[in-house]
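One structure is given below, encoded as structure tokens.
Numbering (mature numbering (1 follows the signal peptide of the UniProt record, and there is no 0)), first residue to last: -23 to -1, 1 to 425.
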């Protein structure tokens, strides 16, 4: 099969440029991302999200979802995410309308030495298709270069593709178009091997989309966003067969308190822990068409049902002590005297700050890895109108602090260093406690 040279050139060049992104929740803070499809390939997790951008006249529909390409992010520790660059664009897919800005939720799967990336897009009018089709791009590595096929998958019209390979080697494609559909795939992963069928016994009222299927202990879990009311919540149904019939089983995550009306999920097991990947509009609270991907740990009950996931700021992963630790992504806080706000409300991607206002106000940040104990200094990025003192404790508050930080009066951001009273080894939880009057705004801490 002959492919356009522009596709190869785009993928080859974009994969040369990588950027390391350090974040908790949301996982990516230098661009808007949504609809995360997380996959375990080798010893790393790869996330294939959609990429929200702001529409402008002549480039997408202003005030609506706008996506023109896909990036892939990878991490070996679930804390530091590397942007592997753009892998597919609306301008490099031969059959896609290059002006549609409709590259919605994708997925990726590995089979027999190849990586197959599935994505929806609006087809050119000349293709004879109306609405969304689903295409495939193929690569030798999980980050590309991906080469798009010259035609979309025949017989499939819809959005939000998801691919599952069963233990017997049979592959299945799932997608949404009013209902949720499923069909078998041929071994070439490019064509249907059975007629599409509606996956029945799911809730009938309200929008259902974004299917993602996985198997655990012989049970097939079909997960999907469902807008029974105004906003979507994440639900799941179970079956003893990849194509059902499915039985509605429960809710994975409630509707977002922020009012973000979409959500989209994937669920993986990595190093003996299950994780839920999803999105919210935390970096763009006034416009929920610019979203950000997140992740939290997921747990099962003894009967195989899923425990409801409560979104956290801390998210997942163990944070290296030598990196900037964003304590505004806390694990827990005191009942009063703690608040979080953007550092710059006009530039939200600069992140957040945590403000300690009352004497005794504290922030807890879990799972910081000190390794073999080489650190002897704490650095704090902060600003405050008056002099203040903050104490750092490891694992529990009380007793002798690990460090005492005396912060000078300065309304600009400053970095203050303090000696540690002991050298820590291994992984610890940290507490920052305000002693005396505040307020103090803290961006990050790190150890040297």
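C-beta atoms are modelled at their ideal positions from N, C-alpha and C, and glycine is treated no differently.
Source: prediction; values computed, not measured.
Legend entry - residue 359 in three-state terms, based on DSSP: strand
Inset, instruction - Could you say which of 209, 254 and 364 lies nearest to residue 386 if we only look at CA atoms? - result: 364
Inset, instruction - Taking only the alpha-carbon atoms, compute the straight-line gap between residue 298 and residue 346 and give it to the nearest angstrom. - result: 5 Å
Legend entry - Per DSSP, cross-strand counterpart(s) of residue 21: 18
Inset, instruction - Over the uninterrupted beta strand (DSSP E) stretch that includes residue 250, give me the two end residues. - result: 250 to 257
Inset, instruction - Could you check what DSSP says for residue 44 in three-state terms: helix, strand or coil? - result: strand
Legend entry - Candidates 35, 24 and 341, of which the one nearest residue 49 by Cα: 24
Legend entry - Three-pair Cβ contact test at 8 Å for the region 278 to 285 versus the region 255 to 265: no
Inset, instruction - Tell me, to the nearest whole angstrom, how far the beta carbon of residue 96 is from that of residue 47; I am working on the premise that it is less than 8 Å. - result: 6 Å
Inset, instruction - Can you give me the start and stop residues for the beta strand (DSSP E) that residue 117 sits inside? - result: That residue, residue 117, is in no beta strand (DSSP E); it is neither H nor E in DSSP.
Legend entry - Validate contact between the region 321 to 340 and the region 403 to 418 using beta carbons, cut 8 Å, 3 pairs: yes
Legend entry - Complete runs of the beta strand (DSSP E) confined to the region 136 to 191 [at least 3 residues]: 136 to 142, 148 to 154 and 156 to 162
Legend entry - Contacting residues, own chain, Cβ-Cβ under 8 Å from residue 389 (five flanking each side not counted): 360
Legend entry - Burial state of residue 39, where buried means 16 or more other Cβ atoms lie within 10 Å: exposed
Legend entry - Nearest-angstrom Cα separation, counted from residue 240 out to residue 255: 6 Å
Legend entry - Exposure of residue -1, with buried meaning 16 or more beta-carbon neighbours within 10 Å: buried
Inset, instruction - Can you give me the Cβ contacts of residue 167 inside the same chain, cut-off strictly under 6 Å, excluding the 5 residues immediately before and after it? - result: 113
Inset, instruction - Report yes or no: do the region 235 to 249 and the region 191 to 210 share at least 3 C-beta pairs separated by less than 8 Å? - result: yes
Inset, instruction - State yes or no: is the C-beta of residue 161 within less than 8 Å of the C-beta of residue 228? - result: no
Inset, instruction - Assess, as a yes-or-no matter, whether the region 77 to 96 is touched by the region 10 to 29 under the definition of 3 or more beta carbon pairs within less than 8 Å. - result: yes
Inset, instruction - Determine the DSSP secondary structure at residue 103, reduced to helix, strand or coil. - result: helix
Legend entry - Cut-off 7 Å between Cβ atoms - residues of its own chain near residue 295, not counting five sequence neighbours on either side: 54, 56, 344, 346 and 404
Inset, instruction - With DSSP as the reference, please indicate the residues paired to residue 331 in a beta bridge. - result: 317 and 419
Legend entry - Backbone CA spacing between residue 176 and residue 205 [nearest angstrom]: 18 Å
Legend entry - Residues near residue 218 by beta carbon distance below 7 Å, same chain, minus five either side: 197
Inset, instruction - Please check the pair residue 94 and residue 64, which I expect to be a contact at CB under 8 Å, by giving their CB distance rounded to whole angstroms. - result: 7 Å
Legend entry - residue 182 versus residue 234 - alpha carbon distance: 22 Å
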